[in-house]
Structures are given as C-alpha cells and as structure tokens.
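Worksheet: one structure, shown below.
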Amino acid sequence: MTSKTASDVARDGRPGWIAGLVLAAGLTLSSVPAWSADLEKVTFRTNWFPQAEHGGWYHAVSQGTYEDYGLDVDMEPGGPQVNNIQLLLGGRADFVMLHSSGQILSALEEGLPLVALAAFYQKDPQIIMSHPGVGNDSLEDLKGKPILLSQDAHQSFWPWLKQKYGYTDDQVRPYTFQMGPFIADPEVIQQAYVTSETFVVKDAGIDPNVFLLSDHGWRSYSTMIVTTRETLEERPEVARKFVEATIEGWYQYLQDPQATNEYINELNENQTPAQLAHSLREMDERGIVLSGDALTDGIGIMTDERWQAIHEQLVGLGLVDDSVDPTQGYTTEFVGTEAIHDIMARYPDVSGVEGD
1 MTSKTASDVA RDGRPGWIAG LVLAAGLTLS SVPAWSADLE KVTFRTNWFP
51 QAEHGGWYHA VSQGTYEDYG LDVDMEPGGP QVNNIQLLLG GRADFVMLHS
101 SGQILSALEE GLPLVALAAF YQKDPQIIMS HPGVGNDSLE DLKGKPILLS
151 QDAHQSFWPW LKQKYGYTDD QVRPYTFQMG PFIADPEVIQ QAYVTSETFV
201 VKDAGIDPNV FLLSDHGWRS YSTMIVTTRE TLEERPEVAR KFVEATIEGW
251 YQYLQDPQAT NEYINELNEN QTPAQLAHSL REMDERGIVL SGDALTDGIG
301 IMTDERWQAI HEQLVGLGLV DDSVDPTQGY TTEFVGTEAI HDIMARYPDV
351 SGVEGD
C-alpha cells in the first residue's frame, strides 16, 4: 500500500485535467467551483484499507462527487488497530464508518451519543464457509463441528448461530485471518466475508460452500455512516450533503467502476483487478448493497421496522439490554427522500437483487 491517503491521490490526479478544462473554457482556476474556498471541510474514516467494498466513497472522492455537493472530504482508511468510535468521539473525524448496527446499540447502552445516518449494506457480508462434498453442506450440518471464529464474532453473530442451530462454544477455534488452514484442510469451517476471503479460496481452486448469514435470518445492517449527535445538530446540512453525495457515489460506482477500481488499486496494491472484480461481483449478485428496501427507496436506506427487528434480535440474544431505545441511535431523515429518488432516477441501469 502507498503512503498516500485517498484525498492525496485524488487531488494529485486532478489538476492536469482541470487545467485542460479551464483553458478550453477560457476560465481561470479560481473560477472553478470545485476548488473554491466555499467547500465545507469534512473528515471521514473508513473501517478498513481501500477496497471495492468501499467503492462508493472512493468514487465520490476521486471523481469529484463530493465537490459537486460542496464538500472537501478528507478520507482516511481504517485498519485492524483503528478504533473509529474513539476517533469520532475524540473529534478526529466528523463521520466514520461502522460495520454493524449492533455497534450502535451497544454504544447507546454505554451512553455514547452515536447516530447512524445511512446503511450502505442491506445485508451483512458475513458468511460461514466450508468445503463442499465432506458433509458440511448446510448450516445445520455444522452443529458440533469445529469452526474458526474471531473474538468479535462472540459479540455479534455467534450467539445467534448458537440460538438458531444449537451450536456450542466448545466448537469454537481461533480464527487468525490466515487462509492457509482452510485451503490445506477440507474439514476446516470458518467465518469470512463473502467479498474477501472467498477470492483467496477460489484462487486456490476451491469452490466453497458459502452461507451468507443475512440470508438465514441475521438482521444487522452493515457499513454505515455514523456521526455524533452534536455534529448532527450543529451541521445538519453537511450531514445531508455527505450522505447524499456518498449515495450518488455508490450509484456512479456500480454503473461504471473501472476508473475507481484503478484508483483503489493505486491506493492499495493488494487490491488487484481480479480481487476488485470479485468483490464487486459478489456484492452485486448477493444483493449486499441493493436488495430489499434499497430497491425501492435507494442505497443507504434504513427503516424504523428494520431497526426495531435488529433491536429485538440482539435483546433476545442477550447482547443488548431491553432498556436501550434504538430510535436514539439512528435517523432516517437523509435516506429514502425525494432527493435520493432523484439520484436513483439518474442511474436507471443500476439494479439489484429482487425478492430479498
């Protein structure tokens, strides 16, 4: 990976073509609105290194969508040692990406003033993965068998798997995020992301069984824009613009990802063209971004009904106290609006997965 941030590379790559447009139009650089001093400065932190899974954000940064909305966005990547909640509450970011709605509800239980503004994954990409042809061809088959899991799983989907399928904690083995054990041993079962580890496995010649937990009843939203209640109250227009610009960035990326994928590869050389194409294909075919409510109300949609169902599920699993009011942890004022429907209308060729 290079040492440049997304914003650095985006800005490095723009002056040449902007100058060409300026000369052709007989304008001066100072008259180009995208580079005016009126842009609102925003700091946003993702939850992982640059990848296709964050393509809408990288498109909006690299292709000028944020500037079109009057924003100057400084986007910083996350990683395994980055705590976005601490950075947000410490004032080092205006907005952050959080993986799951459970993080929001847990934060509320701790008295932390987090607010989710949009959920870009209607389906959590979390999967359980096994080898075919060895008797592990359904989630029911996995009862009593060792499963490689991360520590985070114990505070999210693992209690749900135990409740629904009768799994027990003595099945758990530590997942080190290395794919060697799975590739070497056909008996290995593990957690994974449908967009990520599956690429490594398929590249090794294995066509794994993939159990997308969201297709089996796991209710969590994923990959959300989150801010503090103070920021929402003091800068509501900036929040609205950031959400709308990101949603448009996602439609633009899904319509034509080539330039943005090249840009992501420039930021993170580990994201090869083949890996990027795989991740995008999995997101598309499995309806990670576009399925369910997003088909009618747009990317990023959240509903009161879904949040209530998430709350009930997590309370039932003992992960969140029943006293937590989920409505304090999100707002739907920026999603599913007339402005979002206008964005949808501009990209009629971007479709999703029906019936989910």
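Take 1 as the starting number for the sequence shown in the UniProt record's numbering and just add one per residue.
Glycine is no exception: its CB is placed at the ideal position from the N, C-alpha and C atoms.
- Item | alpha helix (DSSP H) segment containing H216, residue limits | From DSSP, H216 is part of no alpha helix (DSSP H); its letter is neither H nor E.
- Item | Buried or exposed (CB count within 10 angstroms, at least 16 for buried), R346 | exposed
- Item | Coarse secondary structure for S138, derived from DSSP in three states | coil
- Item | Contained beta strand (DSSP E) runs [length at least 3] in the segment 165-221, N- to C-terminal order | 172-174, 190-193, 209-212
- Query: Apart from the five residues on each side of it in sequence, which residues of its chain come closer than 8 Å, Cβ to Cβ, to N265?
  - Reply: Q271, T272, P273, L276
- Span of the alpha helix (DSSP H) around A107: 101-109
- Query: Nearest to T228 by alpha carbon, out of G135, D38, Q86, L213?
  - Reply: Q86
- Message: Going by beta-carbon coordinates alone, are V353 and G287 separated by less than 7 Å?
- Response: yes
- Item | Helix, strand or coil at E338 [DSSP, three-state] | helix
- Nearest neighbour of residue 364, chosen from H59, M97, L112 [CA to CA]: The question about residue 364 has no answer here: the residues shown for the chain are numbered 1 through 356.
- Query: Can you check whether the CB of P125 is closer than 7 Å to the CB of Y193?
  - Reply: yes
- To the nearest angstrom, how far is it from the Cα of W57 to the Cα of T331? 20 Å
- Inter-stretch contact (C-beta, 8 Å, three-pair minimum) for the segment 234-245 and the segment 139-146: no
- Query: Which two residues bound the contiguous alpha helix (DSSP H) that contains M283?
  - Reply: 273-285
- Within 10 angstroms of its Cβ, does I340 collect 16 or more other Cβ (buried), or is it exposed? buried
- Message: So the candidates are M129, G55, D152; which of them puts its Cα closest to the Cα of F211?
- Response: M129
- Message: By the DSSP assignment, the alpha helix (DSSP H) with E262 in it spans what residues?
- Response: 258-267
- Query: Can you give the Cα-Cα distance for A118 and S150, rounded to whole angstroms?
  - Reply: 26 Å
- For M344, the three-state DSSP class (helix, strand or coil): helix
- Task: Give the DSSP bridge partners of M224, in chain order.
- Result: L98, A119
- Query: Does the Cβ of R92 have 16 or more other Cβ atoms within 10 Å, making it buried, or fewer, making it exposed?
  - Reply: exposed
- Query: Is R45 helix, strand or coil by DSSP?
  - Reply: strand
- Span of the beta strand (DSSP E), counted from its first residue to its last, around E76: 71-76
- Give the straight-line distance between the Cα atoms of S100 and H311, rounded to the nearest whole angstrom. 12 Å
- The beta strand (DSSP E) enclosing Q126, as first and last residue numbers: 126-130
- Item | Spatial distance of D207 from D349 (CA atoms) | 30 Å
- Query: By Cβ distance, which residues of its chain are closer than 7 Å to Q171, with the 5 residues on each side in sequence left out?
  - Reply: G144, K145, P146, I147
- Within 7 Å, strictly: CB atoms of L98 and V226: yes
- Item | Spatial neighbours of G309 in its chain, beta-carbon cut-off 7 Å, leaving aside the 5 residues before and after | First, the residue type needs correcting, since residue 309 is Ala and not Gly in the sequence shown. Counting only Cβ-Cβ distances below 7 Å, and skipping sequence neighbours, we find R219.
- Task: Following the continuous alpha helix (DSSP H) through A148, name the residue where it begins and the one where it ends.
- Result: The sequence as given places Leu at residue 148; Ala does not occur at that position. No alpha helix (DSSP H) holds L148; the beta strand (DSSP E) holding it covers 147-149.
- S214: which of V315, M283, H131, A184 sits nearest, CA to CA? M283
- Query: In this structure, does DSSP put E40 in helix, strand or coil?
  - Reply: strand
- Of the listed residues E109, K164, G135, N136, nearest to L317 (C-alpha basis): K164
- Could you pull the start and end residues of the alpha helix (DSSP H) that D304 belongs to? 304-316
- Tell me whether the beta-carbon of P77 lies closer than 7 Å to the beta-carbon of P50. yes
- Query: Using CA coordinates, which residue listed in D74, L89, K123 is at the minimum distance from E285?
  - Reply: K123
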